[in-house]
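Student: Pasting in a structure now, in structure tokens, and then I'll have a few things to ask.
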Amino acid sequence: MQAYMRLMNRRPLLGPCITTAFLFGTGDIVAQQLVDRKGVKDHDWVRTGRLSLYGGAVFAPIVVNWYKVALDQFAFAPIAVGLFFTCTGLMEGKSVEQVKKKLDSSYKDTLIANWTLFIPFQTINMAVS
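Note that the sequence shown covers residues 1 to 129 in UniProt numbering.
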């Protein structure tokens with residue numbers, strides 16, 4: 001476990017790629033043996049290899065940072081947009097009613113514009129960082 005954690009610290013993309021390749025391969029072995037009941041003789045090892053390769057080389061590099069983008073954009077952004085309109089409105093001396101009207105008229109369009117711009121940028125940002 002310590003070796004794996006060292007790998008994760010030194011190579012933050014390689015560790016998840018290896019783990020995901022292992023899990024995809026293991027999942028295929030389970031599917032072929034326990035679900036399809038192929039037995040070792042009829043096991044399709046090429047299929048297992050393809051799934052491991054896909055998991056480690058394609059799926060993991062995409063997904064490893066996607067959860068951060070999803071959390072940022074679908075948990076934090078809706079709160080941040082609402083806080084922005086509320087705080088700036090109150091700091092401008094607007095009444096609570098005026099702030100509510102601004103939220104009603106602008107929140108949805110602003111959040112959609114945020115997603116349009118920041119989902120692609122955050123995906124790149126979190127993949128590079």
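By construction, the Cβ of each residue, glycine as well, lies at the ideal position given by its N, Cα and C atoms.
Using the beta-carbon count (16 or more within 10 Å), is Ala60 buried or exposed?
Tutor: buried
Student: According to DSSP, is Ser95 helix, strand or coil?
Tutor: coil
Student: Is Arg47 helix, strand or coil when you go by DSSP?
Tutor: helix
Student: Helix, strand or coil: which one does DSSP assign to Arg6?
Tutor: Of the three classes helix, strand and coil, the one that applies to Arg6 here is helix, per DSSP.
Student: Mapping DSSP to helix, strand and coil, what is Lys38?
Tutor: Of the three classes helix, strand and coil, the one that applies to Lys38 here is coil, per DSSP.
Student: Count the C-beta pairs between the region 46-63 and the region 97-109 that are closer than 8 Å, then say yes if the count reaches three, no if not.
Tutor: no
Student: Leaving aside the five residues before and after Arg6 along the sequence, list all residues of the same chain whose C-beta is less than 6 Å from its C-beta, in chain order.
Tutor: none
Student: Measuring alpha carbon to alpha carbon, tell me which residue in Ile79, Phe22 and Glu97 is nearest Thr110.
Tutor: Ile79
Student: If you draw a straight line from the C-alpha of Ile18 to the C-alpha of Gly56, how long is it?
Tutor: 6 Å
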